[in-house]
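As they're listed, the protein sequences go chains X and V.
Those letters in the first sequence? Residues 6 to 289, by this note's numbering.
Those letters in the second sequence? Residues 1343 to 1703, by this note's numbering.
Think of the CB as a built atom: it goes at the ideal place given N, C-alpha and C, for glycine as much as any other residue.
Following: one structure in structure tokens, then a few remarks.
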Amino acid sequence: MRNKLPLLSIPYVVWMALFVVAPIIMVVIYAFSSAAGGFTLANFARMGTYTVVFTRSFKLALIATAICLLVGYPVSYMMSKEGPRFQRIAMVLIMLPMWMNFLLRTYSWMAILENNGLLNQLFQKIGLISLYNNIFGTDLTFFRMINTQGAVVLGMVYNYLPFMILPIYSVIVKLDHSLIEAARDLGANSFNVFRRVILPLSLPGVLSGITMVFVPSVSTFAISKMLGGGTEMLLGDLIEQQYMGGAYNPQLGAAISLVMMVIVVVCMWVMNRFGEGEEQAVMM
Amino acid sequence: MKKTLALAMMMVTILTLTACGGSSGSESKDRVVNVCSWGEYIDEDLIYQFEDETGIKVNYQTAESNEALYSLLKTGAGDYDVIVPSDYMIGRLIAEDMLAELNYDNIPNYAKIDDRYKGLSYDPDNKYTVPYTWGTLGIIYNTTMVDEEITSWDAMFDEKYAGQVLMIRNSRDALAAGLLDLGYDINTTDEAQIREAYELLAEAKSKGVYQSFVMDEIFGKMEGGNAAIAMYYAGDYLTMLENNEDLAYVVPEEGSNWFVDAMCVLKNAQHKDEAEAWINFIAGTDANLANMDYIWYASPNTEALEQYPAYYEETYGEELDPELYEIMAAPGDVLDRCTLYENLPAETLTLYNDLWTELGI
Chain X
6 MRNKLPLLSI PYVVWMALFV VAPIIMVVIY AFSSAAGGFT LANFARMGTY TVVFTRSFKL
66 ALIATAICLL VGYPVSYMMS KEGPRFQRIA MVLIMLPMWM NFLLRTYSWM AILENNGLLN
126 QLFQKIGLIS LYNNIFGTDL TFFRMINTQG AVVLGMVYNY LPFMILPIYS VIVKLDHSLI
186 EAARDLGANS FNVFRRVILP LSLPGVLSGI TMVFVPSVST FAISKMLGGG TEMLLGDLIE
246 QQYMGGAYNP QLGAAISLVM MVIVVVCMWV MNRFGEGEEQ AVMM
Chain V
1343 MKKTLALAMM MVTILTLTAC GGSSGSESKD RVVNVCSWGE YIDEDLIYQF EDETGIKVNY
1403 QTAESNEALY SLLKTGAGDY DVIVPSDYMI GRLIAEDMLA ELNYDNIPNY AKIDDRYKGL
1463 SYDPDNKYTV PYTWGTLGII YNTTMVDEEI TSWDAMFDEK YAGQVLMIRN SRDALAAGLL
1523 DLGYDINTTD EAQIREAYEL LAEAKSKGVY QSFVMDEIFG KMEGGNAAIA MYYAGDYLTM
1583 LENNEDLAYV VPEEGSNWFV DAMCVLKNAQ HKDEAEAWIN FIAGTDANLA NMDYIWYASP
1643 NTEALEQYPA YYEETYGEEL DPELYEIMAA PGDVLDRCTL YENLPAETLT LYNDLWTELG
1703 I
């Protein structure tokens, strides 16, 4: 019986080797080679020029992750407190948008946020825009929502929120209730029960939620293109441009991807270390 | 034991992979042709018609842009026979020896292609290409949002329209707008001129002229009246006009780019005969009429171009607006002020790419 497990894992190991490990090795090789094929560090020498793009991407992804956490954690917590019927329905509602294609969903946001879009038409109808003009003495015909960094963050939050809720929920829902009862017996009030028992125990879910929101957010290019208007590049746009732009430069694209991967891995490592420490502190 | 199984698993994986990929391979007896074109760029009935007539199966695929197609070809991901790139990309593919010379004896319909679209800079000796469509690049604007009649590229950089202008998300076309506005050649390799055009764009961007940088998102934005001015292709303007009749199109007086998309066969194509049969079929008058009606891009086939207004009247029971016809198929005096893109040398392409990145930062 014990032998069966490694055997069954072989398909996945092969899959990993072919489609995860091999591509990463190729990215590394490309990043360190010149167009002619020799070894070079020149691709990395240009990285300084892209600092702005790096900071912008990490900033927006961090904001999106923070919002997802602030919105997602309470939702997961409430959900786990409710009856099974409520939980099932809530789960379906959270998953429902994911049954539709990601690009379609983002396109819909374009129609909603446009200058002449659904929201602005609604604001016009209910007189919100003229009210705003009266109060502030402005002369607006619409609120500018699309083509801003705010719209990009909104797109990230909307698309990746389920990835924050689900892991947190699945951890909280399996919490051992006797621990909570024990804390109460020992005289902890609800706030303390939450802060010293529930929160630390749900940390693994929080950490994987953060990873699952942050990583796709930092590398997105479709969202920034459609909702950000493409005037301010994110890392994903920058990398895409090296492959699909006028000058085909896969080496530079690979170098940027590699630097991004390294930064993300370091961030995740630091965060997980921090998480581990927390857990141990609680145990003691 | 474990190793054997691992090996077997791996074999299975590889076999499945090759089996999937092999469906378009050459081992089957059925004749096939692998075509790669742009999205929404053919009347799909033509594919079935060709299959019925010749018994050759068509694997029709699409790429997003010339650059994406190039990337697919370079990485070897695209296993195509016929591709339909634009002029400057054809020049690049020929320079890199990636295209096969055509046997025009197999393409009798080539004779129907107008001389104006032969011997162009990308294929001066007519050895590699058969033109598919052609058109112009110009400015599209919403007449309810713009008071004046737009005639110049200045409109793309004018602070007056801050927040109302859509710039094209493609370095070549965007910088061409700058170069044209400054009165320079769109194929210039002079770094100072290109940088000057870039400054024009960068300044307009910093003043907030551009609402966003778009490609196909332009349809929704212009049709919905979300932006006043944009630059795009004539054929696509006609599509937008169907959904918003306030839109107007102009080829600015400084001149513009005109383009030809042409069918070519790749050097490593495995179905060259079938590819030439496909090209011949598509170059025919009937196919050109059907395509012109479906995608609104002008045909290079002399007969089709002449017959189209009559064809339109017959199909829709109403006369084709001559103004629309002139936008679709620009008359000689408009074409005379337009220039084809040529393939640029590697340093210039790198400069374009670097400037484009700088603009995005």
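In this structure, how does DSSP classify X/Pro-167 when only helix, strand and coil are distinguished? Translated into positions along the first sequence, residue 167 of chain X becomes position 162. The answer is helix: DSSP assigns X/Pro-167 an H, G or I state.
Using three-state DSSP, classify V/Leu-1603 as helix, strand or coil. Looking up residue 1603 of chain V in the second sequence gives position 261. According to the sequence as given, residue 1603 of chain V is Asp; it is not Leu. V/Asp-1603 falls in the strand class under three-state DSSP.
Hey, how far is the Cα of V/Tyr-1694 from the Cα of X/Ala-252? Position 352 of the second sequence, counting from 1, holds the residue named residue 1694 of chain V. Position 247 of the first sequence, counting from 1, holds the residue named residue 252 of chain X. Looking at the two C-alpha atoms, the distance is approximately 8 Å.
I want to see whether chain V comes within less than 7 Å of X/Asn-121, judged by CB atoms only; does it? Taking the first sequence and counting its residues from 1, the one referred to as residue 121 of chain X is at position 116. Closer than 7 Å: yes.
Along the chain, which unbroken stretches of the beta strand (DSSP E) at least 3 residues long are found entirely within the segment 1420 to 1485 of chain V? 1472 to 1484
So X/Phe-196 is in the alpha helix (DSSP H); what residue range does that whole segment cover? As a working mapping, residue 196 of chain X is identified with position 191 in the first sequence. Looking at the DSSP string, the run of the alpha helix (DSSP H) that includes X/Phe-196 is 195 to 198.
Give the interface partners of V/Ser-1547 over in chain X, defined as CB-CB distance under 9 Å, in chain order. Looking up residue 1547 of chain V in the second sequence gives position 205. A quick correction: the sequence has Lys, not Ser, at residue 1547 of chain V. Within chain X, the residues near V/Lys-1547 are Thr-236.
Per DSSP, the bridge partner or partners of V/Asn-1401: Taking the first residue of the second sequence as position 1, residue 1401 of chain V is located at position 59. DSSP, once it has assigned bridges, lists V/Asn-1376 as partnering V/Asn-1401.
Can you look up V/Leu-1508 in the DSSP assignment and give me helix, strand or coil? The sequence position of residue 1508 of chain V within the second sequence is 166, counting from 1. Reduced to three states, the DSSP call for V/Leu-1508 is strand.
Can you tell me whether V/Asp-1423 is buried or exposed? The criterion is at least 16 other CB atoms within 10 Å of its CB, across all chains shown. Working through the second sequence from its first residue, we reach residue 1423 of chain V at position 81. Answer is buried; the Cβ neighbour count reaches 16.
Per-residue DSSP class, three states only, for V/Glu-1369: Sequence index remark: in the second sequence, residue 1369 of chain V carries index 27 (1-based). With a pLDDT of 44 at V/Glu-1369, under the threshold of 50, the modelled position of that residue is not reliable, and the figure given next carries that caveat. Three-state DSSP puts V/Glu-1369 in coil, outside helix and strand.
Neighbour flag for V/Phe-1601 against chain X, beta carbons, 7 Å: Numbered from 1 along the second sequence, position 259 holds the residue referred to as residue 1601 of chain V. It does not; no Cβ of chain X falls within 7 Å.
With distances taken from CA atoms, which of X/Met-52, X/Met-105 and X/Leu-145 is nearest V/Glu-1700? As a first step, residue 1700 of chain V must be located in the second sequence, where it is residue number 358. For the residues X/Met-52, X/Met-105 and X/Leu-145, the minimum Cα distance to V/Glu-1700 belongs to X/Met-52.
Can you tell which of X/Lys-230, X/Val-19, X/Asn-120 and X/Leu-136 has the C-alpha that lies nearest to the C-alpha of X/Met-150? By one-based count along the first sequence, residue 150 of chain X stands at place 145. For the residues X/Lys-230, X/Val-19, X/Asn-120 and X/Leu-136, the minimum Cα distance to X/Met-150 belongs to X/Asn-120.
By DSSP's criteria, V/Cys-1680 is part of a beta bridge. Which residues make up the other side? In the second sequence, the residue the question calls residue 1680 of chain V occupies position 338. DSSP lists V/Ser-1598 as partners of V/Cys-1680.
Indicate, with yes or no, if the ligand ZN has a heavy atom lying under 6 Å from the CB of X/Asn-125. Looking for the ligand ZN in the displayed structure turns up nothing, as the structure carries no ligands at all.
Using a threshold of 7 Å, state whether the C-beta atoms of V/Asp-1635 and V/Tyr-1474 are closer than that. Taking the second sequence and counting its residues from 1, the one referred to as residue 1635 of chain V is at position 293. Taking the second sequence and counting its residues from 1, the one referred to as residue 1474 of chain V is at position 132. No.
Tell me where the beta strand (DSSP E) around V/Gln-1612 begins and ends. Position 270 of the second sequence holds residue 1612 of chain V. Premise fails: V/Gln-1612 is in no beta strand (DSSP E) and is neither H nor E.
As assigned by DSSP and simplified to three states, the class of V/Val-1593: Here residue 1593 of chain V corresponds to residue number 251 of the second sequence, with the count starting at 1. Residue state, collapsed to three classes: coil.
Report buried or exposed for V/Glu-1559, applying the criterion of at least 16 other Cβ atoms within 10 angstroms of its Cβ. Translated into positions along the second sequence, residue 1559 of chain V becomes position 217. The residue is buried, with at least 16 neighbouring Cβ atoms inside 10 Å.
Identify the continuous beta strand (DSSP E) that holds X/Met-31 and give its terminal residues. Position 26 of the first sequence holds residue 31 of chain X. Element bounds for X/Met-31: not the beta strand (DSSP E) but the alpha helix (DSSP H), 27 to 36.
Go ahead and pull the three-state DSSP assignment for V/Gly-1364. On the second sequence, position 22 is the one that residue 1364 of chain V refers to. Note that V/Gly-1364 scores 42 on pLDDT, short of 50, meaning its location in the model is unreliable; the coordinates nonetheless yield the value given after this. V/Gly-1364 falls in the helix class under three-state DSSP.
Would you call X/Pro-312 buried or exposed, if buried means 16 or more other Cβ atoms sit within 10 Å of its Cβ? Here chain X covers residues 6 to 289 and nothing more, so residue 312 of chain X does not appear.
Alpha carbon to alpha carbon, what distance is there between V/Asp-1421 and V/Ser-1413? Sequence index remark: in the second sequence, residue 1413 of chain V carries index 71 (1-based). Sequence index remark: in the second sequence, residue 1421 of chain V carries index 79 (1-based). If you take the alpha carbons of V/Ser-1413 and V/Asp-1421, they lie about 12 Å apart.
Give the interface partners of V/Leu-1691 over in chain X, defined as CB-CB distance under 7 Å, in chain order. The residue labelled residue 1691 of chain V in the question sits at position 349 within the second sequence. Result: Gly-251 and Ala-252.
Out of curiosity, what's the CA-to-CA distance linking X/Met-238 and X/Ser-229? On the first sequence, residue 238 of chain X is found 233 positions in, with the first residue counted as 1. On the first sequence, residue 229 of chain X is found 224 positions in, with the first residue counted as 1. Spanning the two alpha carbons is a distance of roughly 7 Å.
Is DSSP giving V/Tyr-1574 helix, strand or coil here? Numbered from its first residue, the second sequence carries residue 1574 of chain V at position 232. In the structure shown, V/Tyr-1574 sits in a strand (DSSP, three-state: E or B).
Anything in chain X within Cβ reach of V/Arg-1514, meaning under 7 Å, just list it in chain order. The residue you call residue 1514 of chain V lines up with position 172 of the second sequence. Going along chain X in sequence order, the residues near V/Arg-1514 (Cβ under 7 Å) are Gly-251.
Just checking: is the beta-carbon of X/Tyr-174 within a distance shorter than 7 Å of some beta-carbon in chain V? In the first sequence, residue 174 of chain X corresponds to position 169, counting from 1. No, its Cβ sits nowhere closer than 7 Å to a Cβ of chain V.
Determine, for V/Gly-1418, whether the minimum Cβ-Cβ distance to residues of chain X falls below 7 Å. On the second sequence, position 76 is the one that residue 1418 of chain V refers to. Judged by the 7 Å Cβ criterion, V/Gly-1418 is not in contact with chain X.
Does the contact criterion of 3 or more C-beta pairs under 8 Å hold for the segment 219 to 235 of chain X versus the segment 1377 to 1391 of chain V? no
Cα-Cα separation, V/Leu-1717 to X/Gly-250: No answer is possible for residue 1717 of chain V: it lies beyond the span of chain V, which begins at 1343 and ends at 1703.
Delimiting residues of the alpha helix (DSSP H) encompassing V/Phe-1561: Numbered from its first residue, the second sequence carries residue 1561 of chain V at position 219. It spans 1560 to 1565 - the alpha helix (DSSP H) in which V/Phe-1561 sits, taken as one unbroken run.
Under a Cβ-count criterion, where at least 16 other Cβ atoms within 10 Å of its own Cβ denotes burial, should X/Ser-39 be classed as buried or exposed? In the first sequence, residue 39 of chain X corresponds to position 34, counting from 1. Under this definition X/Ser-39 is an exposed residue.
V/Trp-1698 touches chain X at which residues, Cβ-Cβ below 8 Å? Numbered from its first residue, the second sequence carries residue 1698 of chain V at position 356. Per Cβ cutoff of 8 Å: Gln-246, Gly-250 and Gly-251.
Are the CB atoms of V/Leu-1589 and V/Ile-1425 nearer to each other than 7 Å? As a position in the second sequence, residue 1589 of chain V is number 247, starting the count at 1. As a position in the second sequence, residue 1425 of chain V is number 83, starting the count at 1. No, they are not a contact pair.
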